[in-house]
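> Got a structure for you, written out below as structure tokens; questions coming shortly.
Residue numbers (this note's numbering), protein chains in the order written: chain G, 700 to 965; chain V, 1050 to 1318.
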């Protein structure tokens, strides 16, 4: 007879052996946190114009320097009123995308209080900041485009640390160095951006995508272009339009003279 | 034979809506030795305040256990603030109301818990316009056009029902008049609305002249001198067609003098 109450009613150690705690452990392995991104997307560029926002990102998901997945869309529409552009880790992008899709489905039930782009930006920045505070960041830089509560075009960024900022034109990654100066030439202030037409803005963004493909070794000539316009009263007017584009009119003649890379034998 | 069946625990309301264990606990104070506190009073006594702001765009009126109302008010303030922090906007009222309803409903279903002994009127504005919700301890939280809760509120509801068609087209001042007239209906004989026992909470949407857009007129409780003109306007043999027409408004009023404290509550159907 075992006189210790804590052992009563349990399988006896002398018959069944000691209890193996590993069966009940929730994880066989310790918790892991993202320390660096693995499959990544490069720049996203976005520009405001008088009636909305243009955003573009190429369709490449790189595995290190390898162009691993050449048809991954990195722009995501939200509730047909806003667009998100993701650079950084692609699996974290997919996680956020699934999360936001369920959020927008919840939103679509019952009484409608649609979240606008400004609400969405605030929400994402809090999500990203809370994750970085757990030392488990979502490794993305996200651009959010749409309209604010005053129905004015809205464009802002939120990064993996929860840092936020806003500007008439925004670009992440290499784009912040290569595309931003081009866009600022046309729209350095809100007033300038409010004068741009849709066609002008699209032309500027396409120009940026070309420069990025020339200079960014992690980029692709196939990209997605999103146009966000104000929802008009009747069905089908405005909203989010995403089209697939391919860079054209490039000249790579100069590439002949570049030596020292790849399999050339000089 | 005449044993009180409703004082065995503090989670059982008596049919009159009293919690005897809480009242008995008050008796324990009398077992203690005397202590004295004193201050120079601005007023020696006043009526219980019943209107509270929850956020810029929401206010509540309470009827029932004040201490329970404080808990719910605190909950609503927290939720509203959190929504503002996470989404950067005012919390939609139906979300706040359903959250409140769910919280209260759990208390009706869990062992060892008691329902909140308080009813609320929740008034506010959001993107969808002006809203008024009635909340009951059962967990019910439903949108109303006009409503009254509390002792003798049936008379006020009758008034509101009789005039319900008018409210949609009323201006702010007219709506306050209707609120006060409804409140007057619920008064006991020889009681009347005074600046001491009446307060009026107003929250609404106003046109911003510079932008032409509507913006929130924050929830404000008017009492004392602020309600004098309104009370005079609804006092007996007085007409009130001299009011100016403002923008769309939601308003809620309460706070007639209750019968002397401690009486059992009157039950109206």
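All C-beta atoms in this analysis are idealised placements derived from N, C-alpha and C, irrespective of residue type, glycine included.
1) Give the straight-line distance between the Cα atoms of residue 711 (chain G) and residue 717 (chain G), rounded to the nearest whole angstrom.
2) Do you know whose CA, among V:1271, V:1281, V:1087, lies nearest residue 1108 (chain V)'s CA?
3) Tell me whether residue 871 (chain G) sits in a helix, a strand or coil according to DSSP, three-state version.
4) In chain order, which alpha helix (DSSP H) runs of at least 4 residues are fully inside the segment 1225 to 1286 of chain V?
5) With DSSP as the reference, identify every bridge partner of residue 1109 (chain V), one or two as the case may be.
6) Opposite residue 823 (chain G) in the DSSP bridges: which residues?
7) Listing by chain order, which chain V residues have their CB less than 8 Å from the CB of residue 781 (chain G)?
8) Rounded to whole angstroms, what's the CA-CA distance from residue 832 (chain G) to residue 872 (chain G)? Just pull it up for me.
9) Whole angstroms are fine: how far does the CA of residue 926 (chain G) sit from the CA of residue 796 (chain G)?
10) Where DSSP assigns a beta bridge to residue 815 (chain G), which residues make up the other side?
11) Looking at residue 844 (chain G): is its Cβ nearer than 8 Å to the Cβ of residue 748 (chain G)?
12) CA-CA distance, residue 1210 (chain V) and residue 819 (chain G)?
13) Taking 8 Å as the threshold (beta carbon to beta carbon), is residue 1176 (chain V) in contact with chain G?
14) Where DSSP assigns a beta bridge to residue 739 (chain G), which residues make up the other side?
15) Are there 16 or more other CB atoms within 10 angstroms of the CB of residue 702 (chain G), so buried, or fewer, so exposed?
16) Would you please verify whether the beta carbon of residue 849 (chain G) is less than 8 Å from any beta carbon of chain V?
17) Would you please state the rounded distance, in angstroms, between the beta carbons of residue 1175 (chain V) and residue 1142 (chain V)? I believe it to be under 8 Å.
18) In the segment 807 to 823 of chain G, which residues sit with their C-beta less than 7 Å from some C-beta in chain V, listed in chain order?
19) Does any residue of chain V have a CB that is nearer than 8 Å to the CB of residue 930 (chain G)?
20) Is it right to say residue 1277 (chain V) is buried, meaning 16 or more other beta carbons lie within 10 angstroms of its own, or is it exposed?
21) May I ask you to report which of helix, strand or coil DSSP gives residue 1190 (chain V)?
22) For residue 1126 (chain V), which three-state DSSP category applies?
23) Where does residue 1047 (chain G) land, buried or exposed, given buried means 16+ other C-beta within 10 angstroms?
24) Are there 16 or more other CB atoms within 10 angstroms of the CB of residue 754 (chain G), so buried, or fewer, so exposed?
25) For residue 729 (chain G), name the three-state secondary structure that DSSP assigns.
26) Taking the alpha helix (DSSP H) that residue 1207 (chain V) belongs to, which residues open and close that run?
Considering the structure as presented:
1) It is roughly 8 Å from the alpha-carbon of residue 711 (chain G) to the alpha-carbon of residue 717 (chain G).
2) A check of alpha carbon separations from residue 1108 (chain V) across V:1271, V:1281, V:1087 identifies V:1271 as the nearest.
3) In the displayed model, residue 871 (chain G) falls within coil according to three-state DSSP, outside both helix and strand.
4) Listed in chain order, they are 1277 to 1283.
5) For residue 1109 (chain V), which the question treats as bridged, DSSP gives the partners V:1101, V:1171.
6) Paired residue(s): none; residue 823 (chain G) is not in a bridge.
7) Ordered by position in chain V, no residue passes the 8 Å Cβ test against residue 781 (chain G), which lies about 13 Å from the chain.
8) Near 23 Å, if we compare the C-alpha coordinates of residue 872 (chain G) and residue 832 (chain G).
9) Distance between residue 796 (chain G) and residue 926 (chain G), taken at the CA atoms: about 19 Å.
10) None; residue 815 (chain G) has no bridge partner.
11) Taking a C-beta distance under 8 Å as the contact criterion, residue 844 (chain G) and residue 748 (chain G) do not qualify as a contact pair.
12) Each residue's alpha carbon lies about 41 Å from the other.
13) Residue 1176 (chain V) counts as touching chain G.
14) The partner list for residue 739 (chain G) (beta bridge, DSSP) reads G:761, G:788.
15) Residue burial is scored here from C-beta neighbours: residue 702 (chain G) has fewer than 16 other C-beta atoms within 10 angstroms and is therefore classed as exposed.
16) Yes, because at least one Cβ of chain V sits closer than 8 Å to the Cβ of residue 849 (chain G).
17) With a contact defined as Cβ atoms closer than 8 Å, residue 1175 (chain V) and residue 1142 (chain V) qualify at about 5 Å.
18) For the segment 807 to 823 of chain G, which is checked against every Cβ of chain V, the residues closer than 7 Å are 810, 812, 814, 817, 818, 821, 822.
19) No, residue 930 (chain G) does not count as interfacial toward chain V.
20) Answer is exposed; the Cβ neighbour count stays below 16.
21) DSSP, reduced to helix, strand and coil, places residue 1190 (chain V) within a strand of the structure shown.
22) Of the three classes helix, strand and coil, the one that applies to residue 1126 (chain V) here is helix, per DSSP.
23) Outside the modelled stretch of chain G, which goes from 700 to 965, sits residue 1047 (chain G), for which no answer is possible.
24) Buried is the call here.
25) Reduced to three states, the DSSP call for residue 729 (chain G) is coil.
26) Taken as a continuous stretch (DSSP letters only), the alpha helix (DSSP H) holding residue 1207 (chain V) covers 1202 to 1211.
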